[in-house]
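Numbering (our numbering), first residue to last: 84 to 180. For each residue, glycine too, the CB sits at the ideal point set by N, CA and C.
Written out as structure tokens, the structure reads:
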């Protein structure tokens, strides 16, 4: 199966295996073929047999992406980003009298 996943472009680039960025998809396809073989030879242990073995395997995969835990940052509209002038303490006292 692995040999069938190498494209002509990969071969022209001198690769005998699929490139690393495709490793995730290649692994799933090989695992799906293995699952088909196991069900065909009655050696599978997960029943009922999934209709779409490739999708079933994708649902079981560990997610290696990380959630960002830093602060959320928003872009503020320009009209709300300017500083306002605040009267000094002396001006505030004179305004209240």
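Of the listed residues the options, nearest to residue i (C-alpha basis)
i, options, result
"residue 143", "101, 176, 165, 107", "107"
"residue 138", "111, 154, 92", "111"
"residue 136", "92, 146, 96, 122", "122"
"residue 113", "147, 153, 89, 98", "89"
"residue 134", "155, 147, 116", "116"
is_contact[residue i, chain C] using C-beta, thresh 8 Å
i, result
"residue 139", "Looking at the structure shown, chain C is missing, and only one protein chain is on hand."
Neighbourhood of residue i by C-beta, 6 Å cutoff - its chain only, sequence neighbours within 5 removed
i, result
"residue 118", "136"
Taking only runs of the alpha helix (DSSP H) that begin and end inside the region 104-145, which ones reach a length of at least 4 residues, in chain order?
106-123, 136-143
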